[in-house]
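The sequence shown maps to residues 1 to 217 in UniProt numbering. Even glycine gets a Cβ: it sits at the ideal position worked out from N, Cα and C. Inspection log for the structure reproduced underneath, given as structure tokens.
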Amino acid sequence: MYAEILITDLDLEHRVAARLKKMLESKVSRKFSLRQSWCRRCYHLTAEKNQLQRNVEPLNKKKLELETELRNLSGQGLYESIYTYSCTLMSTIIFVCCICLLKGNGRLFISTELKSWSDSRQYCRDRAADLVIINTEEKFISSLVSEIVWIGLSDREQEGIMKWVDNSTLKQQFWESNEPNDAGGNEDCIELNPAKSVLNNWNDIPCSDKRKWICDN
Numbered sequence: 001m002y003a004e005i006l007i008t009d010l011d012l013e014h015r016v017a018a019r020l021k022k023m024l025e026s027k028v029s030r031k032f033s034l035r036q037s038w039c040r041r042c043y044h045l046t047a048e049k050n051q052l053q054r055n056v057e058p059l060n061k062k063k064l065e066l067e068t069e070l071r072n073l074s075g076q077g078l079y080e081s082i083y084t085y086s087c088t089l090m091s092t093i094i095f096v097c098c099i100c101l102l103k104g105n106g107r108l109f110i111s112t113e114l115k116s117w118s119d120s121r122q123y124c125r126d127r128a129a130d131l132v133i134i135n136t137e138e139k140f141i142s143s144l145v146s147e148i149v150w151i152g153l154s155d156r157e158q159e160g161i162m163k164w165v166d167n168s169t170l171k172q173q174f175w176e177s178n179e180p181n182d183a184g185g186n187e188d189c190i191e192l193n194p195a196k197s198v199l200n201n202w203n204d205i206p207c208s209d210k211r212k213w214i215c216d217n
């Protein structure tokens, strides 16, 4: 009798073990299948990315060739009219909260919203631009705005060392009287105030303050 009970218990354990083994094998098989599927997906995405990059390169080259041809064949007037259309298109589709203006062969986008310095910069960078850098265009930039705006200048990395968003050091300076003064010990980002004298209208304020901004594309 004891032998029969022992055999029955062993048989039950064997069946349980076999079932657990089967469940484990099934899970391993599913994981392996998912891993294979993920690897194939990654491979195809990488291939698509590489193909897109290869497709973009000749298009960029062709774009530059066409711009040069437009200058040579059509004159500056038509060239500027095309850029004006491009500016309008970009402000409608990409820079939806901005007013687009031409600056040479580039574009300036003046916001209609208010954001902190960091959020303003991120908005620009998300659209392949950055906060405006002012070297020789102070009068021109000041003439474009009627309200205070952020520019791409700060000493956030090291107090007292002003740098532009491209990491270049400050050369020409257009500070208001007695500025920058780092009042309160937390004024690290720079605004341009068009209500002040054109060549003396920069001021440092806390980066968390909200201002309009200018993107330079």
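Residue j beta carbon less than 9 angstroms from that of residue i
i, j, result
"Ser111", "Asp209", "no"
"Cys189", "Ser146", "no"
"Asp166", "Ile133", "yes"
"Ile205", "Glu187", "yes"
"Ile148", "Arg211", "yes"
"Trp150", "Arg127", "no"
"Ser118", "Pro194", "no"
"Ile141", "Leu192", "yes"
Which of helix, strand or coil DSSP assigns to residue i
i, result
"Ile148", "coil"
"Tyr85", "With a pLDDT of 46 at Tyr85, under the threshold of 50, the predicted position of this residue should be treated as unreliable, though the coordinate-derived value follows. In this structure, Tyr85 counts as helix in the three-state DSSP scheme."
"Glu176", "coil"
"Arg107", "strand"
"Cys207", "coil"
"Ile141", "helix"
"Lys27", "helix"
"Ser116", "coil"
"Lys163", "strand"
"Ser154", "strand"
"Leu45", "helix"
"Leu170", "coil"
"Leu199", "coil"
Length of the line joining the Cα atoms of residue i and residue j
i, j, result
"Lys163", "Asp182", "15 angstroms"
"Phe109", "Gly184", "31 angstroms"
"Arg125", "Arg107", "14 angstroms"
"Lys196", "Trp202", "9 angstroms"
"Leu170", "Arg40", "50 angstroms"
"Lys31", "Tyr123", "40 angstroms"
"Arg15", "Asn50", "52 angstroms"
"Glu157", "Leu52", "37 angstroms"
"Trp38", "Gly160", "50 angstroms"
Buried versus exposed call for residue i [16 or more other C-beta atoms within 10 Å across all chains shown]
i, result
"Asn217", "buried"
"Pro58", "exposed"
"Glu179", "buried"
"Cys207", "buried"
"Ala47", "exposed"
"Glu65", "exposed"
Residue-chain proximity (residue i, chain D), Cβ-Cβ < 9 angstroms
i, result
"Asp209", "Going by chain labels, chain D is absent from the structure shown, which holds only one protein chain."
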